[in-house]
Amino acid sequence: MELLKSLIVSQGEVKNSALLKVDSFLNHQIDPVLMYEIGQELKRRFAGEKITKVLTIEASGIAIGIMAAYAFNVPMVFAKKKKPSTMDDSYNVTVHSFTKDTDYNITVSKEFINNRDKVLIVDDFLAMGNAVIGLKEIVESAGAEVVGVGIVVEKGFQKGGDMLREQGMKIESLAIIDSLEGNNIVFRD
3 MELLKSLIVS
13 QGEVKNSALL
23 KVDSFLNHQI
33 DPVLMYEIGQ
43 ELKRRFAGEK
53 ITKVLTIEAS
63 GIAIGIMAAY
73 AFNVPMVFAK
83 KKKPSTMDDS
93 YNVTVHSFTK
103 DTDYNITVSK
113 EFINNRDKVL
123 IVDDFLAMGN
133 AVIGLKEIVE
143 SAGAEVVGVG
153 IVVEKGFQKG
163 GDMLREQGMK
173 IESLAIIDSL
183 EGNNIVFRD
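If you're matching positions, the sequence shown starts at 3 in this note's numbering and goes up one per residue.
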């Protein structure tokens, strides 16, 4: 996605060799044209799948998830980082956030994912793969099927994507960054 790559280069800020700040268009202030294009590109890449739900994690995945769900004309479900008092029976998994260096107990109500669902997992970043693994565990606990994972930015140098692909998961990353060394963003071809 050339639009995504151009925004990463023009507005992204390399914080260090492992962190890229994209708050101005992806995960704080959100560019709606980019989100629409991301949804359309995920629809194109997963066109052959019979997706019934899109699943993500709050908060940064929600805009991506809703636009992917819109493109597929299916509901979007997001895992909450804190179980609300109104939620009865739920699936719960602990995941570690690389960016925030903290653990979250994510939760999804059992009424929104079931054994008939074919789920597309989406998220803004893929680093070590922890969020995807947690979301996959929730899907499998429901007896549903993960048909693929759509990622906006994969940090190829952190190997989460490689590990998930080795497990047989279909991963489609819209931009893969192989290095942030020396404040230079190097994309994989």
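For every residue, glycine included, the Cβ atom is placed at its ideal position computed from N, Cα and C.
Specify whether the segment 5–22 and the segment 180–191 touch according to this definition: at least 3 beta carbon pairs, one from each stretch, less than 8 Å apart. Segments in contact, yes.
Within its chain, find whatever has a CB closer than 6 Å to the CB of Ser143; leave out the 5 residues flanking it on each side and keep chain order. Tyr93
Counting only beta-carbon atoms, is Tyr106 nearer than 8 Å to chain C? No chain C appears in this structure, which consists of one protein chain only.
Classify Tyr38 as buried or exposed, calling it buried when 16 or more other Cβ atoms lie within 10 Å of its own Cβ. exposed
Cβ pair Ala197, Val151 closer than 8 Å: Only positions 3 to 191 of the chain appear in the structure, and residue 197 is not among them; the question remains open.
If you drop the 5 nearest sequence neighbours on each side, which residues of the same chain put their C-beta closer than 8 Å to that of Thr104? His98
Less than 7 Å between C-beta atoms, sequence neighbours within five positions excluded: which residues of the same chain meet that for Glu183? Result list for Glu183: Ser19, in chain order.
What is the residue span of the alpha helix (DSSP H) that Leu166 lies within? 162–168
Buried or exposed: Asn116, going by 16 or more other Cβ atoms within 10 Å of its Cβ? exposed
To which residues of the same chain is Gly136 closer than 8 Å at the C-beta, ignoring the five residues directly before and after it? Ile59, Ala81, Val95, Thr96, Val97, Ile108
Give the single residue among Thr88, Met89, Pro86, Glu51 whose Cα lies nearest to the Cα of Asn75. Glu51
Report the rounded CA-to-CA distance for Phe159 versus Lys23, giving the unit in angstroms. 16 Å
What residue from Phe48, Val56, Gly163 has the CA that sits closest to Pro77's CA? Val56
Lys7 - containing alpha helix (DSSP H), residue span: 4–13
Cβ pair Val154, Leu28 closer than 8 Å: One thing to note: Val154 has its Cβ within 8 Å of the Cβ of Leu28.
Have a look at the DSSP bridge pairing and note the partners of Asn185. Note: Asn185 sits in no beta bridge, so no partner.
Is DSSP giving Ala144 helix, strand or coil here? coil
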